Structures are given as C-alpha cells and as structure tokens.
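Scroll down for the structure; my scribbles are underneath it.
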Amino acid sequence: MYSHGADGQEQPDQAEDLRGTAERFRRTDLPLAKLWTYYYGLGGGMDEMSLDAYLHEALDVPAGQVALIAMAMTELMEGESL
Amino acid sequence: MTDHEHGAGSFSAFPQAAPAPVPTPAPDLETRLKELVLDSKDVVGFLTDLALIASSRLSSPGNRIHSGVTVMRRKRPEAVASSDVAARALDELQNGFKDGPCLTALRNGTTLLVPDLAEERRWAHYIKAAQENGVSSILAVPLNLAGEAEAVLNLYSGCSNGFTDEDISTAEAFANQAASSLRLVLRIAQLSEARNDLALAMQSRTVIDMAIGAIMAENRCSRDTAFQILTKASSSRNIKLRDVAAAVISSISGEKQIDTYFDE
Chain A
39 MYSHGADGQE
49 QPDQAEDLRG
59 TAERFRRTDL
69 PLAKLWTYYY
79 GLGGGMDEMS
89 LDAYLHEALD
99 VPAGQVALIA
109 MAMTELMEGE
119 SL
Chain B
304 MTDHEHGAGS
314 FSAFPQAAPA
324 PVPTPAPDLE
334 TRLKELVLDS
344 KDVVGFLTDL
354 ALIASSRLSS
364 PGNRIHSGVT
374 VMRRKRPEAV
384 ASSDVAARAL
394 DELQNGFKDG
404 PCLTALRNGT
414 TLLVPDLAEE
424 RRWAHYIKAA
434 QENGVSSILA
444 VPLNLAGEAE
454 AVLNLYSGCS
464 NGFTDEDIST
474 AEAFANQAAS
484 SLRLVLRIAQ
494 LSEARNDLAL
504 AMQSRTVIDM
514 AIGAIMAENR
524 CSRDTAFQIL
534 TKASSSRNIK
544 LRDVAAAVIS
554 SISGEKQIDT
564 YFDE
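Line order of the protein sequences matches chains A and B. One rule links them: number in the numbering used here = place in the first sequence (from 1) + 38. One rule links them: number in the numbering used here = place in the second sequence (from 1) + 303.
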C-alpha cells in the first residue's frame, strides 16, 4: 500500500484527473498488469492492487502518483498506435 | 513449416489430380502438437502450423481444404494465421463484413457448417463475396480456450458438400486437441511478455530514479518535487519520461548508457 504521508493535501484537485484516468483505462483493454509494470518502470510507488483500486475509483492516491499513472497510460498507448 | 505453401492460393470447383495431400504416415497428433508447442517461436507461428496441419489432414484428392484461424484480439476479430493466402483473404473478408459463419461460430461456441453457399441465405454479402472467390462450402470450428482467449478454425472447400460427417468429427477432435496446446502456447507467450516488460521496467526505473536523485541534489528539493519537475519536462516537450531522465543524467555526468544487470 502506498503511504499517504504528508501530501494528502493536494487531493481535492485531483477528482477530475482521477475520473479521467480511470475512464481512459476502462475504454482501452490494456491489461492491468501491463499498466502496473510500466508505471512501476516510471518510478511508481503503489502496488498492483492499489492501482486496481484507484482505477475503480475506490482509493484516493497522491497527485504525484496520479501523474505517473496518467503518464504510463499515455506512453503505453503511444506505443500501441504505432 | 511456417511458410505458406506456394501455389495454394486458388480455388477450383473441379476435381483435380494434384495437389495430393502429403500422405506422410501421420505421426500421432498429440506428439506432433507437443513438438509444435516446444518449437513455435510465437503464437502466430504456432497457429500457422495448426492451420497447415488442419488443411493437410482434411484435404483429399480433388477437394483441397484451405484453413485459417481467427482470434478475438482487443475485442476485434483478427485473421492471425492461415494455411495459404486464399484462406487468409477469406478470413479477412469476413472480418471486414464483421459477420459470417466463422464469426457466428466463434460467438456461439459451436461448430457451424455451411454445406452449400449457393443455398445459404444468411450473411448475404459475405457469402456472395466468398462465392466469387470460389468457395462452395465452409466449416467453422471454435477452439475452446477456457476463457483465456477466443479463436475459431475456419475451413473452406471449393466443392459443395465438401465436408462429410466424418470430416466434421475429425475437425472437431483436432480443434479439441489443438485448443489445449494453444492454451499452453498462450500462457508461455504471456509469461515471457510479462518477463520482458519487467526487465524493461527495471531498466527504465534505474534511469529515472537516478535522475530524481540528481534533481533533488541540484534543487535541494523533495522527491515529489523532483518528480514534478521531471514529469513536467516530459509532458511539455512530449518526450518520454525515461528519455528526459537519461538527458538529465548525461547533462550532469556525460554518461549515455545506464545499464541494469540481471541474471538471465
């Protein structure tokens, strides 16, 4: 589990981002394991189950992690369309 | 073995003397499939071999059977392998129409026989196009992959009533055995893909973590802030995070190659 630490403050801003990323994930059929592995490679700090929970809008995560998840998805999709 | 047979690209409704099916003393199918699983380099190679075996087992003098395999991939049907170009063209044609006997068999999970295309009233557009390509009968046998994927074996004949009851049970028995081999191949492919993804992730993470550390030292900032700086640079320049990180490192130390080593 990701420890929320001191940066829980940034969260209210992220509601839209959260829905956006989760929705984007649902529209693709990217396997969760593939997304997690890529996100981990970017320096991501959550385990796969927390990522799953986040993508199902069941877990709030710090903004920095949201940015990495969104970035992982974008970079993966770029590779797909080639 | 994965090469397409040459000269097999055309249909003929007229019985021909050639090409005779190779009458090799058929090695026991199970052994053959096991070898294929071990030898195949990838899923497509394996499926191409399957199509070739299906075609040679079911063809008889004067009734050449063309075979292809369609797989559902990312919710879309895709012709992934075939015994020859004619079968490939027919599979792609059907996928283009998004409907036809093979896709129906795939959806229903049951074998579907069109004994004579001239008599068939369903899938009018596809049937017409298939007839123009010289097909007279079609047999579609789904491969039961226990939910891991969906695939169907498509068999085409230039003769009407080109599939006897015996042919149908042969094809079904074959599909049954082939399905469990295919599940094995799929699982091996998945595992090696996951392994490759992880190896790439380790490489990328090493570079990124190193750059984060460098940014922290340079800016006297927290890890989160360093990440923000790096992700911002990446999205504003539309460069992959990993490449931005590599640029940060080489700007500091001139090192271009950061390796992560594993025991392979």
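Note that beta-carbon positions come from the ideal geometry of N, C-alpha and C, so glycine has one too. Here the structure is a predicted model, which is why all the values come from computation and not from measurement.
Practice prompt. Check residue 80 of chain A in the structure and name its three-state DSSP category.
Written response: coil
Discussion item. For the segment 85–104 of chain A against the segment 57–66 of chain A, do three or more pairs of beta-carbon atoms, one drawn from each stretch, fall closer than 8 Å, so that the two count as touching?
Written reply: yes
Worksheet item: Thinking C-beta only, is residue 454 of chain B closer than 8 Å to residue 374 of chain B?
Response: yes
Discussion item. Going by C-alpha to C-alpha distance, which of B:522, B:525, B:503, B:491 sits closest to residue 339 of chain B?
Written reply: B:491
Worksheet item: Alpha carbon to alpha carbon, what distance is there between residue 444 of chain B and residue 475 of chain B?
Response: 6 Å
Worksheet entry | Touch test, the segment 456–465 of chain B against the segment 382–397 of chain B, Cβ-Cβ under 8 Å, three pairs minimum | yes
Worksheet item: Between residue 38 of chain A and residue 366 of chain B, what straight-line distance do the alpha-carbon atoms span, to the nearest angstrom?
Response: In the structure displayed, chain A extends from 39 to 120; residue 38 of chain A sits before or after that span and is not available.
Item to complete: Assuming residue 275 of chain B and residue 397 of chain B form a contact by the criterion Cβ under 8 Å, report the distance between their Cβ atoms to the nearest whole angstrom.
Response: This structure gives no information on residue 275 of chain B, because the portion of chain B shown stretches from 304 to 567.
Worksheet item: Which first and last residues belong to the alpha helix (DSSP H) in which residue 469 of chain B is found?
Response: 468–522
Worksheet item: If we ignore side chains and look at the alpha-carbon of each, how far apart do residue 346 of chain B and residue 74 of chain A end up?
Response: 24 Å
Worksheet item: Is any beta-carbon of chain A found at less than 8 Å from that of residue 400 of chain B?
Response: no
Practice prompt. Using a Cβ cut-off of 8 Å, pull out every chain A residue sitting near residue 515 of chain B, in sequence order please.
Written response: 81
Worksheet item: Closest Cβ-Cβ distance between residue 530 of chain B and chain D: below 8 Å?
Response: No chain D is present in this structure, whose protein chains are A and B.
Worksheet item: Residues in its own chain within less than 8 Å of residue 533 of chain B by CB, not counting five upstream and five downstream?
Response: 511, 514, 515, 518, 544, 547, 548, 551
Practice prompt. Mind listing the chain A neighbours of residue 501 of chain B? Cutoff is C-beta to C-beta under 7 Å, in chain order.
Written response: 75
Discussion item. Measuring only the C-alpha atoms, how far is residue 105 of chain A from residue 557 of chain B?
Written reply: 28 Å
Worksheet item: With 8 Å set as the bound, which would you pick, yes or no: does the beta-carbon of residue 489 of chain B sit closer than that to a beta-carbon of chain A?
Response: no
Worksheet item: Are there 16 or more other CB atoms within 10 angstroms of the CB of residue 103 of chain A, so buried, or fewer, so exposed?
Response: buried
Item to complete: Mind checking the segment 517–528 of chain B against chain A and listing, in chain order, the residues whose C-beta falls within less than 8 Å of any C-beta there?
Response: 527
Discussion item. With a threshold of 8 Å between beta-carbons, can residue 92 of chain A be considered close to chain B, or not?
Written reply: no
Fill in: According to DSSP, residues forming a beta bridge with residue 366 of chain B
B:363
Discussion item. Any C-beta of chain B within less than 8 Å: which residues of the segment 94–107 of chain A qualify?
Written reply: 100, 102, 105, 106
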